[in-house]
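Below is one structure, written out as C-alpha cells; comments come after it.
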Amino acid sequence: MRKAFIITFILLNTAYTQVTSSLQAWENILQTPELVDYFRGILITLVLP
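With my numbering as the guide, the letters of the sequence shown map in order to residues -4 to 44.
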C-alpha cells in the first residue's frame, strides 16, 4: 500500500510539473510585444468605428 502511494505521488508530481511548465510557455508566447500590439489594434478597430 505504501509503495502504491509513493508511486502515485511521484506520477502526480511529474504530471503537475509538466502542466505548469506548459502554462508558463503559453503565457510567455501570448505576452510577446508583437502579439499584444496585434490584438490591441484589433480591439481598437472594433471599439472605435
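Glycine included, C-beta positions come from ideal geometry on N, C-alpha and C.
Distance, Cα to Cα, residue i vs residue j?
{"i": "Leu43", "j": "Ile1", "result": "57 Å"}
{"i": "Ile39", "j": "Leu30", "result": "14 Å"}
{"i": "Ala(-1)", "j": "Thr27", "result": "43 Å"}
{"i": "Leu18", "j": "Met(-4)", "result": "33 Å"}
{"i": "Asn8", "j": "Ile24", "result": "25 Å"}
{"i": "Ser16", "j": "Leu6", "result": "16 Å"}
Report all residues from its chain with a CB closer than 6 Å to the CB of residue i; omit the five preceding and five following residues, and keep chain order.
{"i": "Phe4", "result": "none"}
{"i": "Tyr33", "result": "none"}
Which residue marks the beginning of the alpha helix (DSSP H) containing residue i, and which one marks its end?
{"i": "Leu38", "result": "Pro28 to Val42"}
Does any residue of chain B bring its CB to less than 8 Å from the CB of residue i?
{"i": "Ser17", "result": "Structure shown: chain B not included; a single protein chain is present."}
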